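Chains as they are written, first to last, in our numbering: chain A, 50 to 382; chain B, 50 to 382. The C-beta atom is built at its ideal place from N, Cα and C for all residues, glycine as well. Keep in mind it's a predicted model, so treat the numbers as computed, not measured. Below: one structure, written as structure tokens.
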């Protein structure tokens, strides 16, 4: 059972204790940006003292918001710590007097060198070594934000979070087994499709976004978009017909009814065999406090969906991490 | 020449003068939500006193952010004023003690009845009658926000904005003529495509989003997505090949270099005949102050792109506003 925040998180929080943070910027690119959306959802729902924004690294630098000043905390994330836009965003934030915390796998990376405080996390994605999901990007970001809220709002969600994170990996392992048959079935239905959308809202949106842009588009060259579950009804739903393919997230946060409504529509006007629904109500979340289930479900969905992606990749004969024509191959764009 | 704010805007601002607004929520759905993104860009760059968030109406209600309180101003928008989620969002905001302003075409609509202050705008979209773009949703939102910033920050951008808005319609008329040949050419190239992406950043992003979801998806049933110009490089660009179709916005705000970089990549690895670029540097913006060009360009792009959409629709034999199978046809979803 996890009973204390990681040492690097505690140390960053100690340093923050003597500052007066009013605004939090959550800044990254692509997959690392995707985790910032549920981070903001947590702040929106739990902090009276802090306002927050989520920005792509390069957008953040050029937009240069006026609230980027000595009262701002900027939390950045880059897996390798080498994402140029995110490193520049850290440098820009520091030069504007803000406090910077960099989340990365590599404590010696350019991002780590650019920020005031480094916070490490783990990923099986790059290393291939199994991790405890408590130490993943989601887990570490929530620990950091719960610590920041404890400082700023004097409300302590940390014990409940730590207990919940301790039960996350078993919940993920069970979800893998539970979704296995569905993934097998839908991989055969989806592998030769040209367009696959995802739908989600609230804390789930980032995971849908990441699966669309980093997995389907980047690694499988399948056209995709993460459609917000309510925005769906204000334009996008018109593309739905019996051939339209969707992966729909139905989580456990306060926006669940938005996601349920989308699925109801899809099942009625689309074709059930083209609508793959991940419903968190079917998961065994033993030990995860109700207050944190909505925040941890998107990680469970995303982690398990990797298995689905590998099945797709095998059927498409397009190996997952190798199938890139531009990323990490070109150097001059 | 426009020399004063519209009476209903001035009246709403008078009422705000005696309040202490700290946070602005910009709330709507679909096309009306799209204008809120450049609105936030304006606040981010011009207000020290105000923080802000942009939310879909139903997300806003369920997420129920803690900053939604008596110090919040909630600006909502719905063309007809009948969008259920936006009306509910107004009611929710009021019941939380926030001040509400509703932008709509119809002063007697449910949204108008739900808010504290009604601000009218005009749209040729629904009426078919030509309007002065100064009185469009973009024009009115900027007037409102410039007024709010004048109250909160004691900096007056209103005269420059009013002068710039006075020169907007002529700039749009010239842009129509200027883009006409390009639209004709690309309509013939794009009309039978299955997927057309848009790319944009900063103040342009909302217009790209709206063209993707409300025009291409909703009215033409073409798969689409607005890809943020830098996020493009963190996944989505892997779908680019010689057949991939893009409509790329290159505006005049501080994020212009992000949009330029996307276009450079697309021209290099895609096929020029499938990349339609709207570059604001080619426009005649006489009379629009440099400080407001970046904010008004997305409206110019969006307004002119309607002509492109009608050309596509004609070639696809799918009439624009009639071509919906669900929206305004079903009542029970």
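Could you check how far apart the C-beta atoms of residue i and residue j are, in whole angstroms? I think they sit under 8 Å.
i, j, result
"residue 195 (chain B)", "residue 217 (chain B)", "So it is not a contact: roughly 14 Å between Cβ atoms."
"residue 319 (chain A)", "residue 83 (chain A)", "That pair is no contact at about 25 Å."
"residue 344 (chain B)", "residue 91 (chain B)", "6 Å"
"residue 189 (chain A)", "residue 168 (chain A)", "6 Å"
"residue 369 (chain B)", "residue 358 (chain B)", "6 Å"
"residue 311 (chain A)", "residue 248 (chain A)", "5 Å"
"residue 333 (chain A)", "residue 223 (chain A)", "5 Å"
"residue 75 (chain B)", "residue 88 (chain B)", "5 Å"
Nearest CA to the CA of residue i: which residue from the options?
i, options, result
"residue 266 (chain A)", "A:280, A:286, A:347 and A:361", "A:361"
"residue 44 (chain B)", "B:342, B:379, B:320 and B:297", "The first residue shown for chain B is 50 and the last is 382, placing residue 44 (chain B) beyond what the model contains."
"residue 153 (chain B)", "B:77, B:258, B:321 and B:275", "B:77"
"residue 293 (chain B)", "B:56, B:104, B:273 and B:251", "B:273"
"residue 101 (chain B)", "B:93, B:365 and B:108", "B:93"
"residue 331 (chain A)", "A:225, A:290 and A:239", "A:225"
"residue 56 (chain B)", "B:67, B:184, B:178 and B:310", "B:184"
"residue 208 (chain B)", "B:170, B:71 and B:53", "B:53"
"residue 170 (chain A)", "A:163, A:162 and A:187", "A:187"
"residue 313 (chain B)", "B:335, B:333 and B:289", "B:289"
"residue 304 (chain B)", "B:131, B:354 and B:329", "B:329"
"residue 213 (chain B)", "B:275, B:182, B:201 and B:297", "B:182"
"residue 354 (chain A)", "A:297, A:107, A:291 and A:140", "A:297"
"residue 390 (chain A)", "A:271, A:206, A:144 and A:239", "Summary: the structure shown does not reach residue 390 (chain A), with chain A confined to residues 50 through 382, and so no result is reported for it."
"residue 67 (chain B)", "B:201, B:191, B:173 and B:127", "B:201"
"residue 321 (chain A)", "A:235, A:346 and A:108", "A:235"
"residue 380 (chain B)", "B:302, B:60 and B:133", "B:133"
"residue 144 (chain A)", "A:172, A:173 and A:110", "A:110"
So, is residue i buried or exposed, given that buried needs 16 or more other C-beta atoms within 10 angstroms?
i, result
"residue 337 (chain B)", "buried"
"residue 325 (chain B)", "buried"
"residue 237 (chain A)", "exposed"
"residue 63 (chain A)", "exposed"
"residue 382 (chain B)", "exposed"
"residue 262 (chain B)", "buried"
"residue 378 (chain A)", "exposed"
"residue 80 (chain B)", "buried"
"residue 203 (chain B)", "exposed"
"residue 105 (chain B)", "buried"
"residue 371 (chain B)", "exposed"
"residue 233 (chain A)", "exposed"
"residue 287 (chain A)", "buried"
"residue 230 (chain B)", "exposed"
"residue 119 (chain A)", "exposed"
"residue 177 (chain A)", "exposed"
"residue 363 (chain B)", "exposed"
"residue 390 (chain B)", "The shown model of chain B, from 50 to 382, leaves out residue 390 (chain B), and the question about it has no answer."
If the criterion is Cβ atoms closer than 8 Å, does the pair residue i and residue j meet it?
i, j, result
"residue 350 (chain A)", "residue 323 (chain A)", "no"
"residue 97 (chain B)", "residue 112 (chain A)", "no"
"residue 142 (chain B)", "residue 117 (chain B)", "yes"
"residue 352 (chain B)", "residue 300 (chain B)", "no"
"residue 138 (chain A)", "residue 122 (chain A)", "no"
"residue 103 (chain B)", "residue 86 (chain B)", "yes"
"residue 165 (chain B)", "residue 180 (chain B)", "no"
"residue 158 (chain B)", "residue 135 (chain B)", "no"
"residue 277 (chain A)", "residue 250 (chain A)", "yes"
"residue 307 (chain B)", "residue 279 (chain B)", "yes"
"residue 51 (chain B)", "residue 215 (chain B)", "yes"
"residue 269 (chain B)", "residue 373 (chain B)", "no"
"residue 146 (chain A)", "residue 163 (chain A)", "no"
"residue 70 (chain B)", "residue 193 (chain B)", "no"
"residue 228 (chain B)", "residue 327 (chain B)", "yes"
Against chain B, which members of the region 260-274 of chain A pass a CB distance test of less than 7 Å?
262, 263, 266, 267, 270, 272 and 274
Beta carbons nearer than 9 Å to chain A: which residues of the region 302-321 of chain B have them?
302, 303, 304, 305, 306, 307, 310, 313, 314, 317 and 318
Got a sec: which bits of the region 284-298 of chain B sit with their beta carbon under 7 Å from any beta carbon on chain A, in order along the chain?
284, 285, 286, 287 and 288
Selection of the region 82-94 of chain A by Cβ proximity to chain B, strictly under 8 Å:
82, 90, 93 and 94
If the cut-off is 8 Å on Cβ atoms, which residues from the region 103-114 of chain A count as contacting chain B, listed in chain order?
105, 106, 107, 108, 111, 112, 113 and 114
What are the residues in the region 244-255 of chain B lying within 7 Å of chain A by C-beta distance?
244, 250 and 251
Interface residues of the region 358-375 of chain B facing chain A [CB-CB below 9 Å]:
372, 373, 374 and 375
Short-range partners of chain A found in the region 67-79 of chain B, where Cβ spacing is below 8 Å:
72, 78 and 79
Taking any Cβ of chain B, which residues in the region 177-206 of chain A have a Cβ under 7 Å from it, in chain order?
none
At a CB distance below 7 Å, what residues from the region 121-136 of chain A approach chain B? Give them in sequence order.
134
Beta carbons nearer than 7 Å to chain B: which residues of the region 135-156 of chain A have them?
none
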